[in-house]
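Residue numbers (this note's numbering): 359 to 568. Below is one structure, written out as structure tokens; comments come after it.
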């Protein structure tokens with residue numbers, strides 16, 4: 359009986375160790391917490407093809423804003439990609455109407471370099487304070503179409519929301535992206551621009567050369 363118990367315990371230990379090793383392999387480069395960089399995975403987790411081999415990907419951090427207009431401000435945040443975010447504090451000015459939206463009511467601009475004409479998907483890493491502070495505007499170019507992002511129910515944590523367009527065309531060269539005030543109590547960390555319409559960013563993202 360003693361020999362049987364010892365053998366069973368050894369077998370159980372081997373199974374447990376194998377399970378931990380497999381779990382560790384599956385979670386390589388990932389974390390359940392905010393502020394953690396992960397390796398990009400294919401949109402289909404069962405697809406073993408390497409993401410990014412022939413797709414365009416550009417990650418732009420809040421610290422790279424070329425212009426910032428109040429009430430949007432740049433502040434420190436330890437959970438952000440570069441420890442710097444853009445923030446519109448609660449109980450500050452918001453545009454009276456959609457037609458009035460612009461830098462005069464707060465926002466930031468980013469210069470986005472595109473290697474060739476392409477259709478892209480744009481994601482923004484955001485933090486919403488609540489249901490009255492969970493949206494913003496994105497516009498490509500000063501006269502481009504205005505897109506509302508967010509209006510989701512994820513509050514008090516960093517997460518990604520997409521620009522609601524599958525047909526957003528950018529020209530080769532420099533393009534100016536406007537991130538504009540719609541509601542206060544909002545924060546912004548990163549932009550993720552890609553021509554892969556299926557990919558969904560997770561946690562903090564990085565450019566391949568970083």
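Backbone N, C-alpha and C define an ideal beta-carbon position, used for all residues, glycine too.
- Ranking 540, 557, 505 and 414 by CA distance to the CA of residue 454 puts 540 first.
- With respect to the 8 Å criterion, residue 420 and residue 450 are not classified as neighbours on the basis of their beta carbons.
- Checking the DSSP bridge columns, you'll see residue 465 partnered with 427 and 538.
- Of the candidates 439, 481, 492 and 434, 492 places its Cα closest to the Cα of residue 452.
- When C-beta atoms of the segment 511 to 522 are compared with those of the segment 465 to 472, fewer than three pairs fall below 8 Å, so the two segments do not count as touching.
- Here DSSP, grouped into helix, strand and coil, assigns residue 520 to strand.
- With respect to the C-alpha of residue 426, the residue from 560, 538 and 502 having the closest C-alpha is 538.
- Residue environment analysis places residue 457 among the exposed positions, since fewer than 16 neighbouring C-beta atoms fall within 10 angstroms of its C-beta.
- Within the DSSP bridge table, the entry for residue 533 names 470 as partners.
- The bridge partners DSSP lists for residue 488 are 491.
- Taking a contact to require three or more Cβ pairs closer than 8 Å, the segment 555 to 565 and the segment 485 to 502 do not qualify as touching.
- In the DSSP assignment, residue 527 falls within the unbroken beta strand (DSSP E) covering 526 to 528.
- Going by C-alpha positions, residue 483 is about 14 Å away from residue 446.
- With a contact defined as Cβ atoms closer than 8 Å, residue 498 and residue 549 miss out at about 11 Å.
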